[in-house]
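Asker: Per full-length UniProt numbering, the very first residue in the sequence shown carries number 1; after that it's consecutive. Can you read through this structure? Questions will come right after.
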Amino acid sequence: MSEATGVGAYDIQRILKALPHRYPLLLVDRVRSIELGVRIHAVKAVSFNEDFFQGHFPGAPIMPGVLQIEALAQAAAILGIETLELAGTGKLVFFMGIDGAKFRSPVTPGCLLDLEVEFLQKRSRVYKFKGRASVEGKTTTECEFTAMIADPPSD
1 MSEATGVGAY
11 DIQRILKALP
21 HRYPLLLVDR
31 VRSIELGVRI
41 HAVKAVSFNE
51 DFFQGHFPGA
61 PIMPGVLQIE
71 ALAQAAAILG
81 IETLELAGTG
91 KLVFFMGIDG
101 AKFRSPVTPG
111 CLLDLEVEFL
121 QKRSRVYKFK
131 GRASVEGKTT
141 TECEFTAMIA
151 DPPSD
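What follows is the structure, given as structure tokens:
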């Protein structure tokens, strides 16, 4: 694994090279900063046009907490893939577990959701992360989660 290295912001094109996710499930719009092997700060621009707002909830739109966790996991996947220099290899990052998830505050259309994730443990192919989502400094969701790097399923 690389030494801790600070890297500049990523635009959507670089994110698409690191992640296999696409519309409607791509939940990272920009990476503000990444310190390879250590942490990432990414952003999700929450728009009223998101598909999930049609049913969650009509008249009172709130981004589901599980999607906030998915956004944190996608930020962690970028951190892992970039740290291990695996972008473009087809490797995937799979969730293995989520611990201590807490939903603190609703996320509504028009928010910029900050996604901050850091490595807690690194073992050969299994990694543990700590994530925090927030809007204007106020925590909306926090959790720890475990993921693994794997080859995509064979056809």
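No residue lacks a Cβ here, since even glycine has one placed at the ideal position from N, Cα and C.
1) Give the straight-line distance between the Cα atoms of F90 and E144, rounded to the nearest whole angstrom.
2) Would you kindly check if the distance between the Cβ of E136 and the Cβ of H41 is under 8 Å?
3) With distances taken from CA atoms, which of V28, R104, L67, I149 is nearest S124?
4) Is there at least one non-hydrogen atom of the ligand MG closer than 7 Å to the beta-carbon of V66?
5) Please give the ranges of any beta strand (DSSP E) in the segment 34-70, keeping only runs that are unbroken, at least 3 residues long and fully inside the region.
6) For the alpha helix (DSSP H) containing residue 182, list its first residue and its last residue.
7) Using beta-carbon positions only, say whether A101 and I69 come within less than 8 Å of one another.
8) Could you work out which residue in P109, V46, I98 is closest to V29 when comparing CA atoms only?
9) Are the segment 82-99 and the segment 47-57 touching, with three or more C-beta to C-beta distances below 8 Å?
10) In whole angstroms, what is the alpha-carbon distance linking T141 and F129?
11) Between G59 and T139, what straight-line distance do the alpha-carbon atoms span, to the nearest angstrom?
12) Does the beta-carbon of I78 have 16 or more other beta-carbons within 10 angstroms, so that it is buried, or is it exposed?
13) By DSSP, does G90 sit in helix, in strand, or in coil?
14) Please tell me whether Q74 and L120 are closer than 8 Å, where the distance is taken between their beta carbons.
15) So, with DSSP's three-state summary, where would you put L113?
16) When we look at the beta-carbon of L25 and count the other beta-carbons within 10 Å, is it buried (16 or more) or exposed?
Answerer: Taking the geometry as given:
1) As written in the sequence, residue 90 is Gly, which differs from the Phe given in the question. Near 25 Å, if we compare the C-alpha coordinates of E144 and G90.
2) Against a cut-off of 8 Å, the Cβ pair of E136 and H41 comes out as no contact.
3) Residue I149 is the option with its Cα nearest to S124.
4) As for the ligand MG, it is missing from this structure, which has no ligand bound.
5) Runs of the beta strand (DSSP E) inside the segment 34-70: 39-45.
6) Since the first residue shown for the chain is 1 and the last is 155, residue 182 is missing from the structure and cannot be characterised.
7) A contact, by the Cβ cut-off of 8 Å.
8) Just to set this straight, residue 29 is Asp in the shown sequence, not Val. Among P109, V46, I98, the Cα nearest to that of D29 is on V46.
9) Short answer: they don't touch.
10) About 14 Å.
11) Looking at the two C-alpha atoms, the distance is approximately 24 Å.
12) When all chains shown are included, I78 counts as buried.
13) Reduced to three states, the DSSP call for G90 is coil.
14) Their beta carbons are not under 8 Å apart, which means Q74 does not touch L120 by this criterion.
15) Reduced to three states, the DSSP call for L113 is strand.
16) Answer is exposed; the Cβ neighbour count stays below 16.
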